[in-house]
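Undergrad: Sharing a structure, written as structure tokens. Questions coming.
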Amino acid sequence: MTIAYPNNQALQNPQPVSPPSGAQRPRLTFLGTGYLGATYAVCFAEMGYEVLGFDVDESKIAKLSGGEVPFHEPGLDELLRKNLGTGRLRFTTSYEEVAAFGDVHFICVGTPQRPDGPAADLSYVETAVTNLAQRLTRKALIVGKSTVPVGTAEWVEELVHRFSPAEAGVEVAWSPEFLQEGFAVEDVLRPNRVIFGVRSEWAQGLLYAAHKGVFDLAQNEDREVPVVVTDFATAELVKVAANAFLATKISFINAMAEVCEASGADVAQLARAIGYDPRIGNKFLRAGLGFGGACLPKDIRAFQARAQELGVGEALRFLHEVDLINQRRRQRVIQLAAELLARHNGPAGPDLSGLKIAVLGATFKPNSDDVRDSPALAVAHKLYRTGATVVVYDPEGMALAERELPEASYAKTLTDAVTGADLVCVLTEWEEFRHADPVALAELVAGRRVIDARNCLDQLVWVRAGWQYRGMGRPALT
Ligand code: UDX
65 MTIAYPNNQA
75 LQNPQPVSPP
85 SGAQRPRLTF
95 LGTGYLGATY
105 AVCFAEMGYE
115 VLGFDVDESK
125 IAKLSGGEVP
135 FHEPGLDELL
145 RKNLGTGRLR
155 FTTSYEEVAA
165 FGDVHFICVG
175 TPQRPDGPAA
185 DLSYVETAVT
195 NLAQRLTRKA
205 LIVGKSTVPV
215 GTAEWVEELV
225 HRFSPAEAGV
235 EVAWSPEFLQ
245 EGFAVEDVLR
255 PNRVIFGVRS
265 EWAQGLLYAA
275 HKGVFDLAQN
285 EDREVPVVVT
295 DFATAELVKV
305 AANAFLATKI
315 SFINAMAEVC
325 EASGADVAQL
335 ARAIGYDPRI
345 GNKFLRAGLG
355 FGGACLPKDI
365 RAFQARAQEL
375 GVGEALRFLH
385 EVDLINQRRR
395 QRVIQLAAEL
405 LARHNGPAGP
415 DLSGLKIAVL
425 GATFKPNSDD
435 VRDSPALAVA
445 HKLYRTGATV
455 VVYDPEGMAL
465 AERELPEASY
475 AKTLTDAVTG
485 ADLVCVLTEW
495 EEFRHADPVA
505 LAELVAGRRV
515 IDARNCLDQL
525 VWVRAGWQYR
535 GMGRPALT
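Next comes the structure, spelled out in structure tokens:
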């Protein structure tokens with residue numbers, strides 16, 4: 065059933081549900097204070113809820129309690145400090161406190177790829193749910209937000225029934241999230257849809273109450289928030305299907321980039337031209353270095369693994385191809401580097417020893433410090449393996465990048481990174497790189513060669529400043 069809040073009057077006031085704690089509005093807890101849980105905790109406090117964030121990591125909780133966001137997310141620091149000040153937002157490492165406080169418990173822990181294969185590792189979900197369930201003494205709703213294989217919600221329900229006291233009547237619901245790093249605050253306060261995977265009127269009513277802040281904000285701004293009320297399996301699939309679609313869209317345009325490279329066409333113009341068709345749309349159609357991050361790569365792999373288990377592996381076989389196209393873009397940068405530096409690119413890769421390469425960008429996308437499965441760092445590593453001296457600069461991701469790729473050298477500024485470089489590779493489209501002055505940089509480098517792996521620079525301006533420019537899926541201008 066699809067309904068739109070707040071304008072659908074009939075559904076605006078579903079069965080009122082009183083929070084089991086006796087509070088006026090449901091008290092919310094968020095278990096796992098990574099990018100997802102911390103952002104949700106802060107934003108729901110901002111919407112007026114009493115919120116308790118939980119994590120097993122004491123240093124993370126100490127930082128959050130002290131008003132420091134342990135990762136880079138625009139706008140979140142201010143909101144955290146503001147809401148700690150109101151007293152509505154607190155953080156803890158105690159399951160007892162979470163159990164005693166909350167009416168609705170959101171499970172926001174990570175579900176990384178298992179080290180031994182493509183499937184998702186559900187051990188953090190299991191730990192959070194079992195530890196919470198055994199401490200609950202009254203009715204509550206446990207809501208899964210983590211991205212999980214279809215079927216997980218039912219398993220969580222079994223865990224809850226096994227570990228929580230039967231008389232409490234604890235229920236489970238599933239409500240996936242779609243926040244994008246860099247826009248996380250906006251995505252939580254103003255979601256483009258909300259999904260309620262529920263099994264009872266009570267769960268739906270309490271979830272509605274727990275999201276009333278979202279609907280009220282929309283009403284004030286004269287917007288609607290579509291709500292899809294559905295079963296567990298559909299709710300779980302919504303998330304992975306959406307991410308599979310986004311990954312496919314990116315790999316589609318990157319496959320076109322390969323064809324453009326072979327035929328002399330320009331993928332940026334091609335994307336613009338097909339994107340004007342509203343059935344296709346121009347979003348997520350930027351060809352370049354492909355997708356990375358903590359979600360898309362692992363989600364498409366876990367989705368395939370789950371489909372295989374369900375006996376429908378063939379249906380998702382194309383996602384394997386999506387993954388391969390994505391990986392090939394990384395290799396393409398090495399090929400372009402060899403071409404520009406006039407070195408032979410043999411089966412073992414080119415030998416670029418004795419050359420200095422400036423790598424601009426380490427994070428998987430701009431406005432984030434996240435380097436998990438970052439295409440930029442993967443390319444930096446490949447460049448390092450060619451024997452070149454690789455000097456990395458990133459506006460926000462340096463600390464995490466150094467931990468992930470200690471083999472590379474790190475420069476404090478863009479200028480330091482490019483000084484004396486034989487080749488400059490722009491691997492993440494930070495504003496600072498887009499607006500860099502090619503005339504000034506030309507004076508610093510040893511060779512005016514640039515690879516624009518995100519197609520984010522003005523090709524003509526760079527060529528006019530004397531640079532040999534190579535983009536992705538675009539013919540070389542001279
Ligand atoms: C993604 C989904 O967008 C979000 O809804 C979900 O909740 C989590 O996963 P995120 O990982 O923050 O969010 O990043 P996103 O903005 O989707 O970008 C993913 C990757 O795709 C980045 O590496 C980005 O550079 C790349 N990308 C994106 C492209 O290469 N081309 C595009 O056109 C768009």
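Using my numbering, count along the sequence shown one by one with no gaps and you end on 542.
Even glycine gets a Cβ: it sits at the ideal position worked out from N, Cα and C.
1) Within 10 Å of its beta-carbon, does valine 323 have 16 or more other beta-carbons around it, so buried, or fewer, so exposed?
2) Taking the beta strand (DSSP E) that tryptophan 219 falls in, what are its first and last residues?
3) I'd like the ranges of any alpha helix (DSSP H) spanning at least 4 consecutive residues and lying wholly in the segment 504-538.
4) Could you tell me which residues DSSP pairs with serine 473 in its beta bridges?
5) Buried or exposed: histidine 275, going by 16 or more other Cβ atoms within 10 Å of its Cβ?
6) For phenylalanine 309 and glycine 530, what's the separation of their Cα atoms in angstroms?
7) Could you please give the first and the last residue of the uninterrupted alpha helix (DSSP H) stretch that includes alanine 402?
8) Any heavy atom of the ligand UDX within a distance shorter than 7 Å of the CB on proline 84?
9) As an exercise, report each continuous beta strand (DSSP E) stretch of at least 3 residues that is fully enclosed by the segment 87-157, in chain order.
10) Are the beta-carbon atoms of leucine 416 and alanine 406 separated by less than 8 Å?
11) I'd like the list of long-range same chain contacts for isoleucine 317, defined as Cβ closer than 6 Å, with 5 residues on each side in sequence excluded.
12) DSSP three-state call for proline 83: helix, strand or coil?
13) Given that a residue counts as buried once 16 or more other Cβ atoms are within 10 Å of its Cβ, and exposed if not, what is asparagine 284?
14) Look at the alpha carbon of glutamate 142 and the alpha carbon of glutamate 378, and state the distance between them as a whole number of angstroms.
15) I'd like the ranges of any alpha helix (DSSP H) spanning at least 4 consecutive residues and lying wholly in the segment 256-321.
16) Could you check whether the Cβ of glutamine 568 sits closer than 7 Å to any heavy atom belonging to the ligand UDX?
17) Cα-Cα, which of Ser239, Gly451, Glu495, Asp486 is closest to glutamate 300?
18) In terms of alpha-carbon separation, which member of Phe94, Asp185, Lys429, Gly354 lies closest to arginine 370?
19) Which two residues bound the contiguous beta strand (DSSP E) that contains glycine 339?
20) Does the distance from the CB of isoleucine 421 to the CB of aspartate 486 come in under 8 Å?
21) Quick check: is any heavy atom of the ligand UDX less than 7 Å from the C-beta of arginine 350?
22) Compute the distance between the beta-carbons of phenylalanine 260 and valine 291, then report whether it is under 8 Å.
23) Which same chain residues, not among the five before or five after leucine 200, have their C-beta less than 8 Å away from its C-beta?
24) Go through its chain and collect everything with a Cβ distance to glutamine 368's Cβ below 6 Å, but skip five positions before and after it.
25) What's the C-alpha gap between arginine 365 and proline 213?
26) For the alpha helix (DSSP H) that leucine 464 lies in, which residues bound it at each end?
27) Given that a residue counts as buried once 16 or more other Cβ atoms are within 10 Å of its Cβ, and exposed if not, what is alanine 74?
28) Is aspartate 522 buried or exposed, if buried means 16 or more other CB atoms sit within 10 Å of its CB?
29) Kindly identify the DSSP beta-bridge partner or partners of valine 490.
30) If you follow the alpha helix (DSSP H) that glutamate 190 is in, where does it begin and where does it stop?
31) Which whole-angstrom value is the C-beta distance of phenylalanine 155 and glycine 277, which I expect to be below 8 Å?
32) Report yes if the C-beta of leucine 140 is less than 7 Å from at least one heavy atom of the ligand UDX; otherwise report no.
33) Can you find a heavy atom of the ligand UDX that lies under 7 Å from the Cβ of proline 290?
34) Select from His408, Gln372, Phe355, Gln268 the residue whose C-alpha is nearest the C-alpha of isoleucine 615.
35) Are there 16 or more other CB atoms within 10 angstroms of the CB of proline 83, so buried, or fewer, so exposed?
36) What do you reckon, is the C-beta of leucine 555 under 7 Å from a heavy atom of the ligand UDX?
TA: So, from the data block:
1) If you number the sequence shown from 1, residue 323 lands on position 259. Under this definition valine 323 is an exposed residue.
2) Residue 219 sits at position 155 when you count from the first residue of the sequence shown. It is not in any beta strand (DSSP E) - tryptophan 219 instead sits in the alpha helix (DSSP H) that spans 216-227.
3) 523-528
4) As a first step, residue 473 is located in the sequence shown; it is residue number 409 there, counting from the start. Bridge partners of serine 473: Val455.
5) As a working mapping, residue 275 is identified with position 211 in the sequence shown. Histidine 275 is buried by the Cβ-count criterion.
6) Taking the sequence shown and counting its residues from 1, one reaches residue 309 at position 245. Taking the sequence shown and counting its residues from 1, one reaches residue 530 at position 466. Approximately 40 Å between the Cα atoms of the pair.
7) Here residue 402 refers to the residue found at position 338 of the sequence shown. It spans 381-404 - the alpha helix (DSSP H) in which alanine 402 sits, taken as one unbroken run.
8) Here residue 84 corresponds to residue number 20 of the sequence shown, with the count starting at 1. Result no, Cβ not under 7 Å from the ligand UDX.
9) DSSP runs (the beta strand (DSSP E)) wholly in the segment 87-157: 92-95, 115-118, 153-156.
10) On the sequence shown, position 352 is the one that residue 416 refers to. On the sequence shown, position 342 is the one that residue 406 refers to. No; because the gap between Cβ atoms is not below 8 Å, this pair is not in contact.
11) Against the sequence shown, residue 317 aligns to sequence position 253. Counting only Cβ-Cβ distances below 6 Å, and skipping sequence neighbours, we find Ala335, Leu349, Ala351.
12) If you number the sequence shown from 1, residue 83 lands on position 19. The answer is coil: DSSP assigns proline 83 none of H, G, I, E or B.
13) Indexing the sequence shown from 1 puts residue 284 at position 220. With fewer than 16 other Cβ atoms within 10 Å, it is exposed.
14) Here residue 142 corresponds to residue number 78 of the sequence shown, with the count starting at 1. Here residue 378 corresponds to residue number 314 of the sequence shown, with the count starting at 1. Their backbone Cα atoms lie some 47 Å apart in a straight line.
15) 265-274, 276-284
16) There is simply no residue 568 to check, as the chain begins at 65 and stops at 542 in what is shown.
17) Here residue 300 refers to the residue found at position 236 of the sequence shown. Here the closest residue by C-alpha is Ser239.
18) As a working mapping, residue 370 is identified with position 306 in the sequence shown. Of Phe94, Asp185, Lys429, Gly354, the residue nearest in Cα terms is Asp185.
19) Against the sequence shown, residue 339 aligns to sequence position 275. In the DSSP assignment, glycine 339 falls outside any beta strand (DSSP E) and within the unbroken alpha helix (DSSP H) covering 331-339.
20) Along the sequence shown, read from residue 1 onward, the residue named residue 421 stands at position 357. Along the sequence shown, read from residue 1 onward, the residue named residue 486 stands at position 422. Yes, the Cβ-Cβ distance between isoleucine 421 and aspartate 486 is below 8 Å.
21) What you label residue 350 is simply residue 286 of the sequence shown in a count that begins at 1. Yes.
22) Along the sequence shown, one-based indexing puts residue 260 at 196. Along the sequence shown, one-based indexing puts residue 291 at 227. The answer is yes: Cβ separation under 8 Å.
23) Counting from 1 along the sequence shown, the entry for residue 200 is found at position 136. The answer, listed in chain order, is Ala163, Ser228, Pro229, Ala232, Val234.
24) Here residue 368 refers to the residue found at position 304 when the sequence shown is read from its first residue. Once the five neighbours on either side are set aside, the close Cβ partners of glutamine 368 are Leu380, Leu383.
25) The residue labelled residue 365 in the question sits at position 301 within the sequence shown. The residue labelled residue 213 in the question sits at position 149 within the sequence shown. Going by the C-alpha atoms only, they are around 11 Å apart.
26) Here the question's residue 464 lines up with position 400 in the sequence shown. Here the alpha helix (DSSP H) through leucine 464 covers 462-468.
27) Within the sequence shown, numbered from 1, the residue matching residue 74 stands at position 10. Reliability of the predicted coordinates at alanine 74 is poor, the pLDDT of 38 falling under 50, and no value is obtained from them.
28) Along the sequence shown, one-based indexing puts residue 522 at 458. Taking all protein chains in view, the Cβ of aspartate 522 is surrounded by fewer than 16 other Cβ atoms within 10 Å, so the residue is classified as exposed.
29) Looking up residue 490 in the sequence shown gives position 426. As computed with DSSP, valine 490 is found in a beta bridge with Leu424, Asp516.
30) As a working note, residue 190 is residue 126 in the sequence shown. It spans 187-197 - the alpha helix (DSSP H) in which glutamate 190 sits, taken as one unbroken run.
31) Taking the sequence shown and counting its residues from 1, one reaches residue 155 at position 91. Taking the sequence shown and counting its residues from 1, one reaches residue 277 at position 213. Not quite, the Cβ-Cβ distance comes to about 19 Å (not below 8 Å), so this is no contact.
32) Counted from its first residue, the sequence shown places residue 140 at position 76. In terms of side-chain proximity, the C-beta atom of leucine 140 is found no nearer than 7 Å to any non-hydrogen atom of the ligand UDX.
33) Taking the first residue of the sequence shown as position 1, residue 290 is located at position 226. Taking 7 Å as the cut-off, one finds no heavy atom of the ligand UDX near enough to the beta carbon of proline 290.
34) Absent from the structure is residue 615, since the part of the chain shown begins at 65 and ends at 542.
35) Counted from its first residue, the sequence shown places residue 83 at position 19. Proline 83 comes out buried.
36) Nothing about residue 555 can be read from this structure; the chain reaches only from 65 to 542.
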